[in-house]
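Structure, as structure tokens:
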Amino acid sequence: MNDIDDDAADELTLRYRRASAGDPSRPSLQTRAAISAQARKVMAHRTTRAADEAALAQMEALPAANDSRWKLRAVAGLAGIGLAGLVAIQTLRNVPGPEMPPATVAALSTPAPAPLQDQGPEPEERDAVAPEAASSAGMGSAAPAAGKSFGVTAVAPAAFPLIKSREATTAREVKAMRAEVAMAAAPPRASTADVDRARWSSGVNAAVRAYFSGGLPTSNPGASVALFTAFMKGDGEIARSKLEYVVGQSLSHLSESAATSERFVALGVPRDQIGSMGTMIVTDGVATAADPRSVGDGNTAARVRELEEERDELLRRFTHQHPQVIALDFAIRELRAGPGGQLDDCCRLVLVAYAWPRVASDRQR
Amino acid sequence: MSAAIMPLMTETADETLMQRYARGDATAFDELYRRHELKVWRFIQRSVGNRASADELMQEVWFSVARQAPRYVRTAKFTTWLFTLARHRVIDAHRMRRPHDSIDETRAHSPQLAEQLSTSPAENPASQLQAWQEREALIGAVQRLPDEQREAFLLQAEGELSVAEIARATGVNLETAKSRLRYARAALKTMLQEFA
């Protein structure tokens, strides 16, 4: 039988269609009404959101009432006055001064600002800052080479929550900042949130490892992936945990002590596909993603919808046998079963996925 | 070109309607729903065999359509995508099916013969009875097919998907989709021998 024959509606199919057309079963009126209402609600929400975003963009385009650029201008003006004063004094006293760039002189006479975050220093101002300060200031803006000299490479300007002062006036302050930055800027180009996450992840990693200091439970030799799931309390302590394997397409439970909601989502899925329940992936012991701020949003139904959409999106590219699709299927099923919702109230849910073959081989060594 | 075909040619494509809905045209969604309501409904109902579940899944499918409209990209026929969504919901429902759910529930809730006979007085009651029996037998037989065969058959018969589209929607290769269809037809023919 060729493709055309298979595609063509045969006599049986036609009979079925006739029979089906005669079947008076219909969706209930409530269903129809709900669908229609939902379609309009979603559209209205979308429209409102688009309008809000447009309004926000318009507002952002306007200068803020508390725009601090006037400070720069004021300080620059003062520096200019100071420079003029110095030149005037030297001229009047007729004393030969040292060979200094005028901007450096200004820096000595006036505490010039060294903006570290939002706006980079003007070239004149950058030159006017002492070398160390200039390097630190450059880290936050347009001087990656200077940043490298302190072991911090090209960290984004917003990555310095620990720097409380925007003005670098003394070498001591600059050194303090440099130390803080070196601590905070482990991942290159880390944002503030990334720094927080990295710290949080490392804490969780430590807790997990302490909890299983005797090693993870014995592996299933046929397992392709193992999923370790730890339920964390708000203070980071592990409340309970479980280990499971995925063998082929089926899930094998080693322990039924706790149900999880999103563990399979953690299977190699990038963070932006994982969701908002506090998920962390640890592969070979290295945390790669986490978002402690979004733990326990309590909205299981919304989460299910999100996951379904993610799965539908994946299915446009992959088959149902794709690991990510399998992971999402399990996650959706378990979210619907409800335990995730119960956990939201009391526990932080942390998911840790180990790429099992690597873990197993590590243990064999 | 016949007059009957002309309206089909000028009808707005499903994909265009989706794009219109994504841009804020609610009537486009209504039109999409009107076009595909019964097909999707029958696919779901005959897959889950439970009217209440079918209603619930129907809502979920169309809610998904509404939510995903802005992200909808035309990579396949709209119906392929739509029935893929429906299929996912059906699979989810099977996984969560409670032990007491019965596939017979559907037919138990379907309108009874007496109700239908009274709505069409012009026809001979005997022929109506025969048609009703055949319909019940055929639909019942479809529901008794193994899941994968029923799914393939319904995607073709209700969704009007091609074999390639069925393969895509179900995540199998072309040959597997063909085999499922063939087995489904063969099984149905066997079950319906008395009406042949």
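So the sequences go chain by chain: A and B.
This note's numbering applies: residue 1 is where the first sequence begins, and numbers increase by one.
This note's numbering applies: residue 1001 is where the second sequence begins, and numbers increase by one.
We treat Cβ as the ideally placed atom computed from N, Cα and C, and that holds for glycine.
CB contact below 8 Å: residue i versus chain B
i, result
"A:R316", "yes"
"A:P323", "no"
"A:D52", "no"
"A:A259", "Per-residue confidence for A:A259 stands at a pLDDT of 29, beneath the threshold of 50, marking its modelled position as unreliable; no derived number is given."
"A:G22", "yes"
"A:T319", "yes"
"A:L12", "yes"
"A:T47", "yes"
"A:A39", "yes"
"A:I332", "yes"
"A:G248", "Any reading at A:G248 needs caution, since the residue's pLDDT is 44, under 50, leaving its predicted position unreliable; the model's value is listed next. A:G248 does not count as touching chain B."
"A:E310", "no"
"A:A34", "yes"
"A:R303", "no"
"A:R26", "yes"
"A:A74", "no"
"A:Q55", "This sequence places Ala at residue 55 of chain A; Gln is not what is there. No, no contact with chain B."
CB contact check: residue i to chain A, cutoff 8 Å
i, result
"B:M1191", "no"
"B:L1113", "Model confidence at B:L1113 stands at a pLDDT of 48, short of 50, so the residue's coordinates are unreliable; what they give is reported in the following sentence. Chain A, which has no Cβ nearer than 8 Å to the Cβ of B:L1113, makes this no."
"B:D1101", "With a pLDDT of only 44 at B:D1101, under the threshold of 50, the placement of this residue in the model should not be trusted; the figure read from the coordinates follows. No, because no Cβ of chain A sits closer than 8 Å to the Cβ of B:D1101."
"B:P1146", "no"
"B:F1043", "no"
"B:A1026", "yes"
"B:L1129", "no"
"B:G1049", "no"
"B:E943", "Residue 943 of chain B cannot be examined here, being either before or after the span of chain B that is shown, 1001 to 1196."
Rounded separation between residue i and residue j - CA only
i, j, result
"B:F1153", "B:I1139", "12 Å"
"B:E1060", "B:E1148", "22 Å"
"B:R1046", "A:D52", "43 Å"
"A:V42", "B:A1164", "32 Å"
"B:Y1183", "B:A1167", "15 Å"
"B:Y1072", "A:R73", "50 Å"
"B:R1034", "A:A54", "33 Å"
"A:H322", "B:R1087", "17 Å"
"B:W1062", "A:K71", "56 Å"
"B:D1189", "B:N1050", "The residue you asked about is not Asp; residue 1189 of chain B is Lys in the sequence shown. C-alpha separation (whole angstroms): 24 Å."
Contact belief for residue i with residue j at Cβ below 8 Å, rounded distance in angstroms
i, j, result
"B:M1191", "B:R1144", "7 Å"
"A:A19", "B:E1134", "7 Å"
"B:D1092", "A:I332", "7 Å"
"B:A1157", "A:T13", "5 Å"
"A:E309", "B:R1089", "The pair is not a contact, with the Cβ atoms about 12 Å apart (cut-off 8 Å)."
"A:D329", "A:R311", "7 Å"
"A:D23", "B:R1185", "Their Cβ separation, rounded to whole angstroms, is 20 Å, which puts A:D23 and B:R1185 out of contact at 8 Å."
Short Cβ contact (8 Å threshold) for residue i with residue j
i, j, result
"B:T1079", "B:E1160", "yes"
"B:G1024", "A:H320", "no"
"A:P27", "B:E1037", "yes"
"B:R1030", "A:S25", "With the sequence shown as reference, residue 1030 of chain B is identified as Asp, and Arg is not the correct amino acid for it. No, the Cβ-Cβ distance between B:D1030 and A:S25 is not below 8 Å."
"B:A1026", "B:L1017", "no"
"B:L1169", "B:L1155", "The identity of residue 1169 of chain B in the sequence shown is Ala, whereas the question assumes Leu. Contact: yes."
"B:Y1021", "B:A1076", "no"
"B:E1011", "B:R1074", "no"
"A:Y16", "B:V1065", "no"
Heavy atom of the ligand ZN within 7 Å of residue i beta-carbon
i, result
"B:D1055", "Absent from the structure shown: the ligand ZN. Ligands present: none."
### Message
Is it the case that the stretch 302-322 of chain A contacts the stretch 1049-1058 of chain B, given that we only count it when at least three CB pairs across the two stretches are under 8 Å?
### Response
In this structure the stretch 1049-1058 of chain B does not touch the stretch 302-322 of chain A; the number of beta carbon pairs closer than 8 Å is below three.
### Query
Does the stretch 48-56 of chain A come within contact of the stretch 1040-1051 of chain B, defined as at least 3 CB pairs closer than 8 Å?
With a cut-off of 8 Å, the stretch 1040-1051 of chain B and the stretch 48-56 of chain A do not count as touching, because too few Cβ pairs lie within range.
### Message
To be precise: take each residue of the stretch 1074-1093 of chain B, compare its Cβ to all Cβ atoms of chain D, and keep it if any distance is under 7 Å. Which residues remain?
### Response
No chain D appears in this structure, whose protein chains are A and B.
### Task
Determine, using beta-carbon pairs with one atom in the stretch 1172-1185 of chain B and one in the stretch 26-39 of chain A, whether at least three such pairs fall under 8 Å.
These segments do not touch.
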